[in-house]
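A quick write-up on the structure given underneath.
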Amino acid sequence: MKLSQIFQSLKARNSPTRVTLQQYGTLFATYLGPQWPRVCFMALLLIGSIMLDLLGPQIIRAFIDTIQSNRSMQVLSIIALFYLGVALGSRLVAAFATYFSEDVGWNATNRLRADLTRHCLSLDRSFHAAHTPGELLERVDSNVETLAYFFSQFVIRILGSGILMLGILVLIACENIWFGAILGAYLIMSNIIFFYVQQRATSIYQLHWQAEAELSGFWGELFHGLEDIAASGAGRYIMRRYFHLQRRENSTEIKSIVFWAGFECTGLILDVLSLLIVLILSASLFVQDMISLGTLVLLLTYTTQLLNHALDIAEQLGSLQQATASIERINEIYHTQSCVQDGLGVTFPTGALALTFQGVSFSYEAEQTVLHDISFQLAAGEVVGLIGRTGSGKTTLMRLLMRFYDPTSGSVYLGGHDLRQAHLDDLRARIGLVTQEVQLFQGTLRDNLTFFADTIPDQRILEAIEQLGMSTWYERLPEGLDTELSSDGGGLSAGEAQLLACIRVFLQDPQLIILDEATSRLDPATEKALTQATQRLIAGRTALVIAHRLSTVEHVDHIMVLDDGRILEYNTRATLACDPTSYYSKLLRMTNPKEMLA
C-alpha cells in the first residue's frame, strides 16, 4: 500500500493537511504491518518490562520490613538476590526492546523514503522547478528521519507508560486512597497541559522545519553555482541572503526550544509539588504508625515512577508533535499531483518513428506564451536541425516531446499516436535525450553508462563504444570501464561528457533521438569524435538536433528556424541553403553566425 493512499482525503490541492487519527493508524498499518512478528515481540517485552517495574518497589518494601522485624540474614539475602535478578532482568528486557525498536523504526522509515522518492520522481517539471534539490532532500531525508523514533518506540512507550501508570495508581490507591486521589488529580492536570501543547507545538515545529528546508535549498544552489557566483562577484549578495535565512532558521529554532523548555519547566514544577505533597502525607502517616517504613518507601518509589513516566509521556507527545509536523510536510508533497497524467498505453510501430506537431502552443506561466501555433511533420528516419536564438523555443519543443510538460493547446504525435495516450515510461524509453549538461554520478564509467544497471554486459558496452567510433577515446582512459568518475565531471570536457551521453543513448536503443549539443568550444579532435558519434547514433533513427554551430546541421534533412516561439522557416536544408532570402542562407554567408545560434 502506497503512502499516497493513506492521505486520500487530502488529495484536493486546497484541502487542509492536518493529520487525523485514522491516518496515523493507516500509517502504522502500512509500514509496521509487514514487521508484525517483531512488533508482537516488542509488545511481549513491554508486558515483561511493566511487570518487572511494578515488582521492584514491592521487593524493596519487603526487604525494609524484614529488617525491621529482625528476620534472619538468610531471608534478607534471598530477597536481595531476588531484587538483583529483577533489576538485571529489567535491564536485559530494555536492551532487547531497544534493539528491536530501532530495527523496526529504520526499516519503516527506509520504506517511507523509497515511496516518497518514487512519488517525487513521478511529478512533472513544474514541481521540481518550484522546489530546490536541498528542500526536497530535507523533506525526503530529515523529515522522514524524525519519524524513525515515532515508528520504533512511540506506541510502545506510550502504551507502556500508560499501563504502568494505571497499575501504579491502583497499587497506591490500595495502600491509601488519598494518595491515589492526589496523583490522579496530577495526571488530569498534566493531560490538560499536554492537550494545550498539542495545539501549539505542531505549528511551531512546522515553521522551524520550513526554515531549515529553505536554508538547505540555499546551500544546494550555492554549491551548484560556485563558479558563476565567483565570476560575477555576487559574494556580498550571497552572504546577505545567507544571513537572512540563517537568522530566520535560528529564530524558529529558538522559539521551538523556548516553547518546549517552558513546557518542561511547568511539568517539573508539577512533579515537585506532587512529590512534596506525597512526602508530607506519607511522613505524617509513618509518624502516626499508620504505615510501615517499607510502605513509606514503597509510596515514594511508586510516586517517583509515576512522575517519571508522566514526564516520559510528555516527551513522547513532544515526539508526536515533531512527527506530526513531519507528516504534514510530507503530506504537502503527496498533496501535489503531476499535471502530466500517465496515458492508457499505445502500441508504437517498430523502427524509426514519424513526428508531428499540430497547432501546438505552450506557456510556462498563464500570461506568457513561449510557443505559438507550432505545426510541422517529420517523416520516420529523417533528421531536423533546430536553429534560433536563446529563448526562441528550441528547448521547450524538446520538453514537450519528452512530455515533461503537456501543450497548452494542440497535440504532439509520435508514430501516429498522441503522446498523451502513451504510458510515460514506454514513451521515454523510445526517446533518447542527449542534453548540453550531462549529469554524471560518483562511480565507475560502467556505472555512468548503464545507470548502475547490472543487466548490461561489458561486451555490449564495448560494442557500443566501437560502433560509435569512440574506441580511440576509450583507449585513453586509464582503467577502462573501471575508470572512476566524479559527479562534478572532473577530468571530462563538455564534449567528452556528451560522448559519454551518446553511449548511454545507444545502449538504450531508442527510436527517436533528441540532441542538444554542447555550447562550449570544443577542441578539433573532440569535435570530430563527437560529430562522428552523433552521426552514427542518429543513423536510421528520427532525430531533432538543437544546433549551436552551423557545422552541426550540415548533414540533416530539414532545417527549422525558430524565433520568439514561432516557426520562421521550415524546409529541407538544401532548399533553404539555395534560397538567398532564407534566414538559414543568410547565416551561411555570415562571417560569424554564432551569436544568431546561441
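The opening residue of the sequence shown carries number 1 in the UniProt record's numbering; numbering runs sequentially from there. Positions of the beta carbon are idealized from the N, C-alpha and C atoms, including for glycine.
Here's the rule: buried if 16 or more other CB atoms are within 10 angstroms of the residue's CB, otherwise exposed. What is N143?
With 16 or more other Cβ atoms within 10 Å, it is buried.
Please state the DSSP three-state secondary structure of D115.
Reduced to three states, the DSSP call for D115 is helix.
For a cutoff of 8 Å on Cβ pairs, would you count T132 as touching chain D?
Chain labels in this structure do not include chain D; a single protein chain is all it has.
Less than 6 Å between C-beta atoms, sequence neighbours within five positions excluded: which residues of the same chain meet that for D406?
Closer than 6 Å at the Cβ level, and outside the excluded window around D406, lie V340.
Please state whether the Cβ-Cβ distance between S101 and S49 is less than 8 Å.
No.
Does DSSP classify A379 as helix, strand or coil?
If DSSP states are grouped into helix, strand and coil, A379 belongs with coil.
Please tell me whether V104 and R157 are closer than 8 Å, where the distance is taken between their beta carbons.
Taking 8 Å as the Cβ cut-off, V104 and R157 do not qualify as a contacting pair.
In angstroms, rounded to a whole number, what distance separates the CA positions of E527 and H244?
The straight-line gap from Cα to Cα measures roughly 45 Å.
Return the CA-CA distance between G388 and H548, expressed in angstroms with no decimal places.
Computed Cα separation, rounded: 9 Å.
So L400 is in the alpha helix (DSSP H); what residue range does that whole segment cover?
Start and end: K394 to L401.
Closer than 6 Å by C-beta to G56: which residues in its own chain qualify, once you throw out the five before and the five after it? Chain order, please.
The residues are V86.
Can you tell me whether M165 is helix, strand or coil according to DSSP?
Here M165 sits in helix by DSSP.
Which residue wins for smallest C-alpha separation from A543, given the options G381, E332 and A94?
Nearest of G381, E332 and A94 to A543, Cα basis: G381.
Starting from G495, trace the alpha helix (DSSP H) both ways and give me its first and last residue.
Looking at the DSSP string, the run of the alpha helix (DSSP H) that includes G495 is A494 to Q508.
With a 10 Å radius around its C-beta and 16 neighbouring C-beta atoms as the bar for buried, classify F179 as buried or exposed.
Its Cβ being crowded by 16 or more others within 10 Å, F179 is buried.
Taking the alpha-carbon positions, what's the R113 to Q377 distance?
One C-alpha to the other measures close to 43 Å.
Please look up how many angstroms separate the CB atoms of G385 and V553, rounded, as I've assumed it's under 8 Å.
Their Cβ separation, rounded to whole angstroms, is 3 Å, which keeps G385 and V553 in contact under 8 Å.
Contact defined as beta carbons within less than 8 Å: I believe residue 671 pairs with Y570. What is the distance between those atoms, to the nearest angstrom?
Outside the displayed span of the chain (1 to 598) sits residue 671, for which this structure offers no information.
In chain order, what residues of the same chain have a beta carbon less than 7 Å from the beta carbon of D579, not counting five sequence neighbours either side?
Closer than 7 Å at the Cβ level, and outside the excluded window around D579, lie S585.
Is there contact between the region 322-330 and the region 303-312, where contact requires at least three CB pairs shorter than 8 Å?
No: fewer than three Cβ pairs fall under 8 Å.
Compare the C-alpha of G294 against each of S126, Q316, L462 and Q58 and name the closest.
Selected option, being the one with the closest Cα: Q58.
Once the 5 residues before and after S392 are set aside, which same chain residues still bring their CB inside 8 Å of it?
If we look at S392 and ignore the five residues flanking it on each side, its Cβ neighbours are L562, D563, D564 and G565.
In whole angstroms, what is the alpha-carbon distance linking F28 and F151?
Distance between the alpha carbons of F28 and F151: 7 Å.
Do S471 and S122 have their C-beta atoms within less than 8 Å of each other?
No, the Cβ-Cβ distance between S471 and S122 is not below 8 Å.
Measure from the alpha carbon of G351 to the alpha carbon of each residue in L88, Q511 and R536, then state which is nearest.
Minimum Cα distance to G351 is reached at Q511.
Going by the beta-carbon positions, is the gap between D516 and T408 smaller than 8 Å?
No; because the gap between Cβ atoms is not below 8 Å, this pair is not in contact.
My output table needs one value for H244: the three-state DSSP class, helix, strand or coil.
Here H244 sits in helix by DSSP.
Based on Cα-Cα distance, which residue from H335, L507, L300 and A310 lies nearest to A185?
Looking at the Cα atoms, A310 is the closest of the given residues.
Taking the CB atoms as reference points, tell me whether L397 and N448 lie closer together than 8 Å.
Taking 8 Å as the Cβ cut-off, L397 and N448 do not qualify as a contacting pair.
CB-CB under 8 Å to I277, same chain, minus the five flanking residues each way: which ones, in chain order?
I182.
Hey, T117 and L147: beta-carbon distance below 8 Å or not?
No.
Exposed or buried, what is R13 when buried is set at 16 or more other beta-carbons lying within 10 Å of its beta-carbon?
Residue placement at R13 is flagged as unreliable, the pLDDT there being 35, under the threshold of 50; the coordinate-derived value follows with that caveat. Its Cβ having fewer than 16 others within 10 Å, R13 is exposed.
Hey, quick one: how far does the beta strand (DSSP E) through N448 stretch, first residue to last?
Per DSSP, N448 belongs to no beta strand (DSSP E); it is in the alpha helix (DSSP H), L445 to T450.
Among residues of its own chain, excluding the 5 on either side of K11, which ones have a beta-carbon nearer than 6 Å to its beta-carbon?
In this prediction, K11 has a pLDDT of 37, which is less than 50 and means its spatial position is unreliable; what the coordinates show is noted afterwards. Answer for K11: no residue qualifies.
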